[in-house]
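Participant: One structure is given below, represented as structure tokens, and several questions about it will come after.
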Amino acid sequence: MYEGPLDLLLDLIKQQKMSIHDIRISEITAQYLDYLHKLEELDVDVSAEFIYMAATLIYIKS
């Protein structure tokens with residue numbers, strides 16, 4: 008399982024240094040939701056960035 012920044016994950020997949028088929032987007036989403044529950048205040052910019060990264064990963068995987 009990948010542990011690290013999502014932007015790095017996306018770059019590794021785009022450069023074909025990591026296979027999109029090795030990534031479980033549901034696990035990444037669950038980890039992010041856990042992170043959100045721990046926050047006292049929602050950061051809209053961070054949330055928007057995650058949505059963009061997740062959508063891009065889903066698009067590549069489809």
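If you want the working numbering, it's the position in the sequence shown, counting the first as 1, plus 7. Here a beta-carbon is modelled for each residue, glycine too, at the ideal position from N, C-alpha and C. Values in this document were obtained by computation on a predicted structure and should not be read as measured data.
With a cut-off of 8 Å on the beta carbons, I'd call A61 and T36 a contact; round off their distance for me.
Facilitator: Correct: roughly 6 Å between the Cβ atoms.
Participant: Along the chain, where does the alpha helix (DSSP H) that runs through L16 open and close?
Facilitator: Segment 13 to 21, the alpha helix (DSSP H) holding L16.
Participant: Beta carbon of I67, beta carbon of I27: below 7 Å?
Facilitator: Cβ distance < 7 Å, so I67 and I27 count as in contact.
Participant: Could you work out which residue in K24, L49, D52, E34 is closest to E10 when comparing CA atoms only?
Facilitator: The shortest Cα separation from E10 among K24, L49, D52, E34 belongs to E34.
Participant: What number of angstroms, rounded off, separates the C-alpha of H44 from the C-alpha of D52?
Facilitator: Between H44 and D52, the C-alpha separation is close to 16 Å.
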